[in-house]
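Numbering (the numbering used here), first residue to last: 231 to 558.
In this text, a Cβ means the ideal position worked out from N, Cα and C, and glycines have one as well.
If you're wondering where the values come from, they're calculated on a predicted model, not measured in any experiment.
1. First and last residue of the alpha helix (DSSP H) that includes residue 511?
2. Suppose the cutoff is 7 Å on Cβ atoms and the five residues either side in sequence are ignored; what does the same chain contact list for residue 490 look like?
3. Which complete alpha helix (DSSP H) runs does the stretch 262–311 hold, if anything under 4 residues is left out?
4. Suppose you measure from the CA of residue 254 to the CA of residue 347; what does that come to, to the nearest Å?
5. Spatial neighbours of residue 311 within its chain, please: C-beta separation below 6 Å, excluding the five flanking residues on both sides.
6. Distance check for residue 305 and residue 273, CA to CA, integer angstroms please.
7. Residue 270 to residue 446, Cα distance in whole Å?
8. Could you tell me whether the Cβ atoms of residue 286 and residue 257 are closer together than 8 Å?
9. Give the list of continuous alpha helix (DSSP H) stretches no shorter than 4 residues that lie fully inside the stretch 325–395.
10. Does residue 321 come out as helix, strand or coil in the three-state DSSP assignment?
11. Does the separation of the CB atoms of residue 541 and residue 339 fall below 8 Å?
12. Quick check: residue 453 and residue 384, are their CB atoms within less than 8 Å of each other?
13. In the DSSP assignment, what residue or residues form a beta bridge with residue 520?
14. Buried or exposed: residue 387, going by 16 or more other Cβ atoms within 10 Å of its Cβ?
15. Report, in whole angstroms, the separation of the C-beta atoms of residue 441 and residue 378, which I expect to be a contact under 8 Å.
16. Quick one: what does DSSP say residue 399 is sitting in, helix, strand or coil?
17. Beta carbon of residue 502, beta carbon of residue 458: below 8 Å?
18. To the nearest angstrom, report how far apart residue 360 and residue 299 are at their CA atoms.
19. Taking all protein chains shown into account, do 16 or more other C-beta atoms lie within 10 angstroms of the C-beta of residue 319, making it buried, or fewer, making it exposed?
20. Whose C-alpha, out of 362, 392, 327 and 335, is nearest the C-alpha of residue 523?
21. So, residue 283 versus residue 485, is the Cβ gap smaller than 8 Å?
22. Per DSSP, which residues does residue 316 bridge with? Please list them.
23. Determine the DSSP secondary structure at residue 537, reduced to helix, strand or coil.
What follows is the structure, given as structure tokens:
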């Protein structure tokens with residue numbers, strides 16, 4: 231009997247790093263890969279989630295969060311790593327894996343929404359489709375929350391569209407690259423860890439990102455302006471491998487879903503609060519915060535509409551349904 235139990239445990243474990251570890255028949259231990267540093271609100275949300283799950287299950291589900299991508303997974307490979315069980319759980323910036331599933335790119339299409347309230351309506355409309363896409367990749371969506379709205383950090387103020395011409399801008403996905411190209415810029419894809427040095431050496435001279443990221447990156451040391459273009463509210467999701475999920479008891483799964491719902495609401499609020507706090511910190515450190523000029527806003531909205539129409543012309547039915555639900 232002991233030999234059979236040992237064999238069962240060996241079969242459940244997928245790798246040395248990501249292993250379902252049974253202390254007894256009721257207890258499961260899992261690693262949660264978190265992409266961002268421990269100080270980031272998404273990583274803090276993952277820790278909060280793990281604590282809630284541990285408490286609500288009486289310790290029978292024990293999740294260890296590994297921030298900063300310390301397990302070695304940070305980019306487009308995340309979907310596959312969770313699908314095959316190399317990682318039991320991870321957070322994922324949806325836009326980064328949109329090359330694998332079109333639907334995951336929806337939240338980074340430019341200027342589809344203009345506020346947190348609109349972003350939440352869009353998320354709720356698209357959520358069933360996100361869940362379906364996750365299931366195709368052998369995982370379950372637990373919760374998702376947005377980054378604050380993306381703007382442009384630059385060395386010089388953006389007063390006219392011509393000021394965007396030639397900008398060497400780091401962006402985080404294909405949608406941002408298309409948008410910046412239409413505005414005359416030169417988008418570049420770089421790992422976040424290389425952005426500060428790239429700014430310091432002149433490899434890039436601007437960044438499309440949130441105020442929170444600008445604060446975390448101390449951009450006031452290398453840049454001078456932040457223009458609130460309200461580009462997008464990119465979603466960051468946390469998923470779990472379905473084999474691990476199905477190994478949980480019904481009570482454990484219910485406790486995890488309840489914790490996920492609580493954390494999702496808290497993370498949406500944290501994103502909004504973090505945006506306002508970060509804008510204040512940026513300003514206090516010398517960054518000039520500006521709204522778009524009418525010329526830039528009108529031009530960027532035209533570019534955004536062009537990109538959306540180009541996408542809809544070849545989009546799948548799930549993406550079209552999600553867009554239709556918010557009148558797009």
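The structure says:
1. For residue 511, the enclosing alpha helix (DSSP H) begins and ends at 480–514.
2. Only 279, 372 and 373 meet the Cβ criterion.
3. For the stretch 262–311, whole alpha helix (DSSP H) runs of length 4 or above, ordered along the chain, are 271–286.
4. The pLDDT assigned to residue 254 is 40, lower than 50, so where the model puts this residue is not dependable; a value taken from the coordinates is nonetheless given after this. Spanning the two alpha carbons is a distance of roughly 44 Å.
5. Around residue 311: 303 and 317.
6. Roughly 16 Å separates the two Cα atoms.
7. Taking the straight line joining both Cα atoms gives about 8 Å.
8. Going by beta carbons, residue 286 and residue 257 fall outside the 8 Å limit.
9. For the stretch 325–395, the continuous alpha helix (DSSP H) assignments of 4+ residues that do not extend past its boundaries occur at 346–366, in sequence order.
10. It is a strand residue.
11. Yes, Cβ-Cβ distance for residue 541 and residue 339 is below 8 Å.
12. Yes; because the gap between Cβ atoms is below 8 Å, this pair is in contact.
13. According to the DSSP secondary-structure assignment, residue 520 is paired through a beta bridge with 457.
14. So residue 387 ends up on the exposed side.
15. Rounded to whole angstroms, the Cβ separation of residue 441 and residue 378 is 6 Å, and the two are in contact under 8 Å.
16. DSSP places residue 399 in strand when its eight states are reduced to three.
17. Cβ distance not < 8 Å, so residue 502 and residue 458 don't count as in contact.
18. Going from the Cα of residue 360 to the Cα of residue 299 covers about 23 Å.
19. Result: buried.
20. Closest by C-alpha distance to residue 523, out of 362, 392, 327 and 335, is 392.
21. Yes, the pair counts as a contact, with Cβ atoms nearer than the cut-off.
22. Residue 316 is not bridged to any residue.
23. Here residue 537 carries a helix assignment [DSSP, helix/strand/coil].
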